[in-house]
Structures are given as structure tokens and as C-alpha cells.
Amino acid sequence: MRKIIISFCFTLFCCSLAFSQAKKPTIMVVPSDNWCIQNNYMMEFDNQGTLVKIPNYKKALQENTELLLVISKLNGLMAERGFPLKNMESVLKSLESDSAEDAMIASKDMGMGAAESPVDMLKKVAKADIVMQLTWTMNKRGPKKSITFNLQGLDSFTNKQVATATGTGTPSFSAETVVLLEEAVLSHMDNFCNTLMTHFDDMALNGREVMIRIKKWDDWESDLETEYGPDSDELSVIIEDWLADNTVNGRYNTTDATENMMNFEQVRIPLYYERKGKQRAMDTRRFIRGLSKYLKSEPFNIVNKVTTKGLGRATIYLGGK
Amino acid sequence: MKYLKIFAVLFALILVFSTNDANSQSRRRARKKANLETVQWRYEVQGVGTGREGTYLLKVWSYSKSPQVAIEQAKKNAVHGIIFKGYVGVKQGVSTQKPLVNSLVAAKEHEQFFKKFFADGGDYMKYVSMATDGAVAASDRMKISKKEFKIGVVVSVRKDELRKELERQGIIKGLSSMF
């Protein structure tokens with residue numbers, strides 16, 4: 117009897133391990149470029165002769181109390197729904213602190229610093245899988261004030277708007293701006309979460325939407341028009357066939373294709389894969405590794421390198437590491 | 290004479306009790322009809338303001354031949370509306386909201402839960418309160434036929450708590466449920 121109970125408990129334990137959960141996207145609230153321009157939080161720099169303006173988020177977070185209030189309120193409401201957000205101010209501070217630490221650290225044996233390529237340096241920015249882009253403007257009509265509020269959920273990799281909430285609040289004679297802002301957040305948050313939930317439901321049903329790029333190194337003698345296999349198929353066609361076999365319902369879209377590069381958008385990858393009898397969460401990196409291994413194998417034998425960006429974008433460089 | 294007095298007192302008592310009984314029976318019938326009308330979606334919900342954090346401020350229009358029953362039924366209709374119907378904002382700045390349960394299949398699957406939840410004195414009472422202590426403005430009290438009133442009552446519904454309870458019961462999914 118004891119053996120039966122132990123076996124049953126063990127089976128239940130194994131079942132609980134067998135069912136994994138999908139990779140959770142990170143979300144971060146970011147003020148929009150429009151808001152930063154209206155409130156004079158932009159910085160300029162010379163990019164090889166061209167004057168480029170970019171938002172100065174650090175200055176905005178340090179100087180604008182209303183921005184901190186709105187971000188805090190949004191973060192709190194999302195955390196209450198079981199989805200805590202990344203706080204932009206904390207991310208920026210962590211990046212600065214990590215940079216300082218990396219600059220100081222040296223190995224015990226040879227006193228060497230940490231390896232860092234130019235690409236690594238470019239990736240040192242505050243990022244999230246979904247950005248909640250925030251814009252608000254104060255409207256004044258005589259003594260009455262109201263706030264027009266716009267909250268957009270933008271997928272960082274597919275560049276699609278996956279959630280939204282927008283509207284103008286109740287005009288008021290006496291309420292302070294911060295009170296109007298708080299009311300705007302409270303009245304729009306549920307609609308935003310509903311549209312975000314629709315996006316997640318679509319993800320559960322049709323797979324995660326990602327972007328995949330194929331590029332080649334300059335010194336690789338072959339290209340995407342090179343023919344392989346007994347049917348003499350071009351490499352670009354072989355890659356498309358692999359995507360058709362491995363995406364959810366064969367869903368992908370070839371947006372660009374030349375002899376040197378291919379871009380695939382609206383690629384739907386499964387949320388899970390199975391390994392050693394266990395179901396695990398899939399992301400773009402894991403998915404593209406399948407293509408990488410396929411290209412390394414016979415009859416292609418193409419050495420390649422994979423780089424990824426968050427959960428939703430991957431690039432394969434053909435012809436070397 | 291003495292017997293006449295006793296008879297008169299007894300007759301008065303019987304009259305009072307039978308009137309009360311008739312009134313309470315009438316109210317019971319009105320409440321039963323109101324519950325049926327709730328299930329048949331015969332009520333309207335409007336958003337009239339931005340409530341405090343975690344709440345919706347609504348005006349609920351209910352129908353009944355008894356104004357008192359309509360006022361009481363407004364609470365049930367408010368929670369029922371938030372769960373199954375959603376509402377339209379009637380003032381500037383008040384957003385339209387979708388229902389918490391927007392699938393009829395989910396509503397059918399959890400029929401037993403909702404039957405108990407919306408029973409008279411059921412758990413729905415935890416999530417709703419009168420915003421004006423039950424006072425009804427004169428313009429919100431309309432007689433629409435010989436035997437029926439349409440009463441508008443402003444209530445506050447604790448939608449965050451209600452949503453969490455529905456997530457706990459597995460009726461709706463939370464934002465992070467699949468992760």
C-alpha cells in the first residue's frame with residue numbers, strides 16, 4: 117500500500133515538472149519622444165555631420181515629478197495584476213553601475229579586463245520586450261483643465277502595437293494636475309490590460325511572433341543563391357522550407373530576400389519544445405538554434421553564428437563564427 | 290361588550306398580519322421577477338465617474354413594480370453587469386469597459402458558481418456598495434407603465450477584488466497566467 121502511495125506521489129510530481137510555462141515578456145514604461153520634445157527633455161549629438169536628437173530619459177526621470185508619479189502608478193497597477201514591470205530609472209542606474217564595475221574589474225591571474233565587443237557596447241541600453249509608451253498633454257479651456265492620455269503597448273521586435281488605451285479625462289476647475297493624471301491612469305488601465313490580454317491569448321493560440329534575419333559574412337564564398345542537395349535548391353528556398361516545417365501552422369512572411377540577406381517577419385514560433393521528456397519554454401534563440409544546427413549538418417556544412425535580441429529577434433550570420 | 294372588544298382586537302391583529310404577509314409575498318414575487326430579469330439582461334449599466342482606485346462608479350437602471358426592490362436589485366445588477374455586460378461611459382472622461390467574462394461558454398461552464406454567487410444575500414454583496422446611501426434622485430425614478438418603475442441608483446463596485454476572485458475560481462485568466 118505504501119509503495120502504491122509513493123508511486124502515485126512520484127507520478128504527480130513528475131507531471132507537475134512536465135508542464136512548463138512560456139517565457140514571460142518584460143514590459144517597461146517609457147515616455148514617448150513626443151512627450152520628451154514637448155517637455156524639453158531631448159539631447160543633441162553630432163552623428164558624422166548630422167545633428168541627431170534623442171530623448172534624455174535620465175534628465176526626464178530626475179526632473180519631472182509627474183512622470184515619476186505616472187510611472188509609479190502604472191507599475192503598481194500592473195504589479196497588482198501579477199505582472200510587475202521593469203522600472204526604467206532602476207534599469208538606467210544599473211547600466212551605469214555595471215559599466216563602472218566592468219571598467220574597474222580585472223582578472224586575478226593576468227589583470228585583464230572583461231571582454232567586450234563593439235556589439236556588446238551597443239546592447240548596453242535599457243530595453244524590454246514590450247514598451248508601454250506614455251504620452252499625455254494638459255488641455256486648458258478657460259479655467260477648466262483636462263488631460264489627454266495615450267498609452268501604447270509596442271512590441272520591441274515586431275514593432276507592432278499590441279495594446280492601447282487613449283482618451284481625454286473629465287474636465288475640472290479645481291483638481292491639480294497630479295490628481296487628473298492619477299484619474300487618467302485609473303480610467304484607462306483596464307482597457308490597456310484587456311488589449312494586452314488579447315495579445316497574450318493570440319500568442320497562446322498561434323505562437324509567439326518574432327523576426328528573423330539571415331545575413332552572410334563578407335568573406336564567405338557562397339551566398340543565399342548557392343544550390344545544395346539532390347534537387348539543386350537555392351539556400352534561400354531551403355531556409356524557407358525549414359521555416360515552413362518548424363513554425364506554427366507554417367506561418368512566416370519573407371519581407372526581403374537577396375543573395376546576401378533575408379528578412380522574415382510575422383514568424384510564429386511555438387511557445388514550448390520538448391527536451392529529455394520535459395516540456396520547456398521556447399524563445400527565439402532556442403528556435404533559431406534549430407535552423408543553425410540544420411545548416412551546419414550535411415549536406416550544407418555551413419558554419420554560422422547566432423545573435424539574439426530579447427525574446428523576439430534573432431540573426432544568423434552564415435559562413436563563419 | 291367585553292367579547293366585542295376582544296373580537297375587535299383579534300380582527301385588527303389578523304388584518305395587520307395578513308396585510309404584512311400580503312406585502313412580503315408581493316415583495317418576494319417582485320424580487321423573484323427582478324432576479325429573472327437580471328439573468329435576462331433587463332437592466333442598464335452606465336459609467337458616471339472615475340471611482341477610487343480599484344472601483345467603478347456606476348449608475349444602474351433596474352425595473353420593478355416595487356421601487357424598493359429595484360433599489361436593492363441595483364447592487365446585484367451592477368455586479369452582474371460588470372461581469373457579463375460591461376458598460377458605456379456617459380460622461381466625458383469616463384471610459385467604456387468590456388465585461389470581465391466575455392465568453393458565454395465560460396459563463397455556461399461555471400453556471401453553478403454564478404447561481405450561488407448571485408443568490409439573494411450571496412457573495413456578490415461583498416463587492417458592491419451604494420454610493421449615495423440608497424438615496425435616489427427624483428429624475429432617476431420613473432414610472433414607465435402602470436405597474437412598473439425604472440429606478441437609477443449610483444453604486445460603487447470593487448472591480449479589482451471581483452476580478453481577483455474570478456481569477457482564483459479559474460473563470461477568467463490573469464495577465465501572467467500563461468507565463
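Which chain is which? The protein sequence lines are A and B, in order.
Start counting the first sequence at 117; every next residue gets the next number (the numbering used here).
Start counting the second sequence at 290; every next residue gets the next number (the numbering used here).
From the three backbone atoms N, C-alpha and C, an ideal C-beta is built for every residue, glycine too.
DSSP-derived helix/strand/coil call for residue i
i: Arg-430/B; result: strand
i: Pro-171/A; result: strand
i: His-202/A; result: In the sequence as displayed, the identity of residue 202/A is Lys instead of His. Here Lys-202/A sits in strand by DSSP.
i: Ile-246/A; result: strand
i: Cys-130/A; result: The predicted model places Cys-130/A with a pLDDT of 45, which falls under 50 and marks its position as unreliable; any figure quoted below should be read in that light. In the structure shown, Cys-130/A sits in a helix (DSSP, three-state: H, G or I).
i: Ala-360/A; result: helix
i: Val-390/B; result: coil
i: Asp-449/B; result: helix
i: Arg-341/B; result: coil
i: Thr-431/A; result: strand
i: Val-377/B; result: strand
i: Lys-256/A; result: strand
Extent of the continuous alpha helix (DSSP H) run through residue i
i: Tyr-410/A; result: 400-412
i: Thr-293/A; result: 293-322
i: Leu-346/B; result: Here Leu-346/B belongs to no alpha helix (DSSP H); instead the beta strand (DSSP E) covers 345-353.
i: Gln-458/B; result: No alpha helix (DSSP H) holds Gln-458/B; DSSP gives it neither H nor E.
i: Arg-356/B; result: Contrary to the premise, residue 356/B reads as Pro rather than Arg in this sequence. Taken as a continuous stretch (DSSP letters only), the alpha helix (DSSP H) holding Pro-356/B covers 356-373.
i: Asn-275/A; result: Where Asn-275/A is concerned, there is no enclosing alpha helix (DSSP H), given that its DSSP letter is neither H nor E.
i: Met-194/A; result: 181-196
i: Glu-400/B; result: 400-406
Neighbour flag for residue i against chain B, beta carbons, 8 Å
i: Leu-302/A; result: yes
i: Ala-291/A; result: no
i: Leu-312/A; result: yes
i: Leu-427/A; result: no
i: Asp-372/A; result: no
i: Ala-138/A; result: yes
i: Ala-219/A; result: no
i: Asn-307/A; result: yes
i: Arg-197/A; result: yes
i: Gly-285/A; result: yes
i: Glu-182/A; result: no
i: Ser-188/A; result: no
i: Glu-299/A; result: yes
Continuous beta strand (DSSP E) stretch holding residue i: start and end
i: Val-337/B; result: 333-338
i: Gln-164/A; result: Looking at the DSSP string, Gln-164/A is not in any beta strand (DSSP E), and its letter there is neither H nor E.
i: Ile-153/A; result: Not the beta strand (DSSP E): Ile-153/A falls in the alpha helix (DSSP H), residues 149-154.
i: Val-422/A; result: 420-425
i: Ile-221/A; result: Looking at the DSSP string, Ile-221/A is not in any beta strand (DSSP E), and its letter there is neither H nor E.
Own chain partners of residue i with C-beta closer than 7 Å, once the 5 adjacent residues on each side are dropped
i: Pro-141/A; result: Asp-245, Ile-246 and Leu-427
i: Lys-374/B; result: Trp-330, Val-334 and Pro-388
Proximal residues to residue i (C-beta, below 8 Å), its chain only, five neighbours per side dropped
i: Gly-345/A; result: Ile-354 and Pro-415
i: Met-414/B; result: Lys-364
i: Arg-329/A; result: Met-377, Met-378, Asn-379, Phe-380, Arg-429, Ala-430, Thr-431 and Ile-432
Chain A contact for residue i (CB, 8 Å cutoff)
i: Ser-465/B; result: yes
i: Asp-429/B; result: no
i: Glu-450/B; result: no
i: Phe-468/B; result: yes
i: Lys-387/B; result: yes
Distance cut-off 7 Å: residue i Cβ against heavy atoms of the ligand MN
i: Asn-322/A; result: No copy of the ligand MN occurs in the structure displayed, which carries no ligand at all.
Close-in-space but distant-in-sequence residues of the same chain around residue i (CB under 6 Å, 5 per side omitted)
i: Asn-307/A; result: Ala-281
i: Ala-138/A; result: Leu-387 and Ala-397
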